[in-house]
Amino acid sequence: MSQPVNWFPGHMARTLRNMAERLRQVDAVIETCDARIPVSSRNPQLDQIIGDKPRLLVLSKEDLADPAVTRDWISHFRRQGIMALACDSTRKNGVEQVRKACLTLSAGRIERAAEKGRMGRPARAMVVGIPNTGKSTLINSLSGRASARVEDRPGVTRAPQWVRTHDGLELMDMPGVLWASLGDRTCQIHLAATGAIKDDILDLPEIAIETLALLVRLYPDAVRARYKAETLDLPPEELLDTLARRRGCILSGGRVDRMRFSTLLLDEFRAGRIGRISLEQPETEE
Ligand SMILES: Nc1nc2c(ncn2[C@@H]2O[C@H](COP(=O)(O)OP(=O)(O)OP(=O)(O)O)[C@@H](O)[C@H]2O)c(=O)[nH]1
Ligand SMILES: [Mg+2]
Numbered sequence: 007m008s009q010p011v012n013w014f015p016g017h018m019a020r021t022l023r024n025m026a027e028r029l030r031q032v033d034a035v036i037e038t039c040d041a042r043i044p045v046s047s048r049n050p051q052l053d054q055i056i057g058d059k060p061r062l063l064v065l066s067k068e069d070l071a072d073p074a075v076t077r078d079w080i081s082h083f084r085r086q087g088i089m090a091l092a093c094d095s096t097r098k099n100g101v102e103q104v105r106k107a108c109l110t111l112s113a114g115r116i117e118r119a120a121e122k123g124r125m126g127r128p129a130r131a132m133v134v135g136i137p138n139t140g141k142s143t144l145i146n147s148l149s150g151r152a153s154a155r156v157e158d159r160p161g162v163t164r165a166p167q168w169v170r171t172h173d174g175l176e177l178m179d180m181p182g183v184l185w186a187s188l189g190d191r192t193c194q195i196h197l198a199a200t201g202a203i204k205d206d207i208l209d210l211p212e213i214a215i216e217t218l219a220l221l222v223r224l225y226p227d228a229v230r231a232r233y234k235a236e237t238l239d240l241p242p243e244e245l246l247d248t249l250a251r252r253r254g255c256i257l258s259g260g261r262v263d264r265m266r267f268s269t270l271l272l273d274e275f276r277a278g279r280i281g282r283i284s285l286e287q288p289e290t291e292e
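Per my numbering, the sequence shown starts with residue 7, numbered consecutively.
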């Protein structure tokens, strides 16, 4: 992927301004990141905006990530003094802990409000993060209703929306926000592979080739098993074409249908069909 130029959509810039303005209204911030890429999926601009507002970092989609690596990440963040939890909002695993953490983080401001005579007001949290990291799904899971729109593509939530839960939480769903430069090449590939960047701003076969190279390096057995690969010891492009042929992704005339297999590979990775895979591990980041 060449560096995307002028791709940064207007609603993201608007959301950043909105976040800063609305932060006063909330007691705490829930930041979602993708458990498979907890470094690349954190927008570096958020630190400045959130400042010292109490924050919970949620490693979402933990069902798709390698459980041992996720445990390492949680310890890593806690060592840094960051309150972090992993959760799978689609199956409600870890969601109750998120609720409790949110109440704990909000307690100070709620007590101060009570001292001023505002008794029993709900805890308010703003849910922020990059696109497609499950903010709206987490909110629906906490509220027990499909209040916020959810889809398997980035950029679904377009405007801030308050959602109330029946047990004393008010959550503000925010649109996902990326940052204009999208980090280095590795970061871009990680974002693309997990579906945080729209597929139409990328060269899909390039992303698939680089994702495959990552998978082969980190989880060779899973790739071998899923794609019945005899050998993985080929240059990445050649390996992609070989696996594509094995899957029958062939055009008339016998050429490999690289686009079809690239889409298939990325879909399968994103759906967890290759296995529970973490592309980033704390040791390699430190
Ligand atoms: N496997 C799995 N899928 C999840 C989880 N949370 C969300 N998803 C899926 O991820 C996709 C995106 O979820 P959303 O809740 O729309 O993500 P979002 O962060 O609100 O996205 P934007 O509004 O675009 O910023 C949907 O297909 C969800 O079903 C999870 O914990 N595990
Ligand atoms: Mg959303």
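Here a beta-carbon is modelled for each residue, glycine too, at the ideal position from N, C-alpha and C.
Here the structure is a predicted model, which is why all the values come from computation and not from measurement.
Contact under 8 Å by Cβ, residue i with residue j
i    : j    : result
A154 : V169 : yes
I213 : A228 : no
I43  : L285 : yes
R276 : G201 : yes
K234 : R252 : yes
V104 : L144 : yes
F14  : A186 : yes
L249 : F267 : yes
T76  : A92  : yes
M132 : M180 : yes
R130 : Q31  : yes
S149 : T171 : yes
R230 : D247 : no
L210 : P242 : no
C255 : L240 : no
R282 : A71  : yes
H82  : P288 : yes
Alpha helix (DSSP H) segment containing residue i, residue limits
i    : result
T110 : 101-121
Q287 : No alpha helix (DSSP H) holds Q287; DSSP gives it neither H nor E.
A26  : 16-28
L220 : 210-224
L144 : 141-149
L188 : Here L188 belongs to no alpha helix (DSSP H), and DSSP marks it neither H nor E.
D53  : 51-56
Residue range of the unbroken beta strand (DSSP E) whose run includes residue i
i    : result
R61  : 61-66
L246 : Here L246 belongs to no beta strand (DSSP E); instead the alpha helix (DSSP H) covers 242-252.
A199 : No beta strand (DSSP E) holds A199; the alpha helix (DSSP H) holding it covers 191-200.
M293 : Shown here, the chain extends from 7 to 292; a query on residue 293 therefore has no answer.
Sequence-distant residues of the same chain with beta carbon closer than 8 Å to residue i, five excluded per side
i    : result
C39  : S47, R48, L63, V64, L65, S66, G135, I136, T139
E176 : P128, A129, R130, A131, W168, V169, R170
N24  : P166, M180
Residue i - DSSP class collapsed to helix/strand/coil
i    : result
T96  : coil
I256 : strand
R261 : coil
D239 : coil
V75  : helix
Q31  : helix
D158 : coil
D179 : strand
D173 : coil
A90  : strand
T38  : strand
7 Å Cβ shell around residue i - same chain, five flanking residues per side excluded
i    : result
K59  : L29, A34, V35
R97  : D69
R127 : I116, A119
N146 : A152, S153, A154, V156
L238 : V222, P226, V229, R230, L245
L257 : D263
A107 : L62, M89, L91
S95  : S66, V101, G140, T143, L144, S147
E291 : Reliability of the predicted coordinates at E291 is poor, the pLDDT of 47 falling under 50, and no value is obtained from them.
Cβ-based neighbour list, residue i, same chain, cut-off 6 Å, excluding 5 preceding and 5 following
i    : result
I56  : V35
L188 : Q194
K204 : P160
E274 : I280
For ligand 2, enumerate in chain order all residues having a CB closer than 7 Å to any of its heavy atoms. The set, ordered by position in the chain, is K141, S142, A154, R155, V156, V162, T163, D179, P181, G182.
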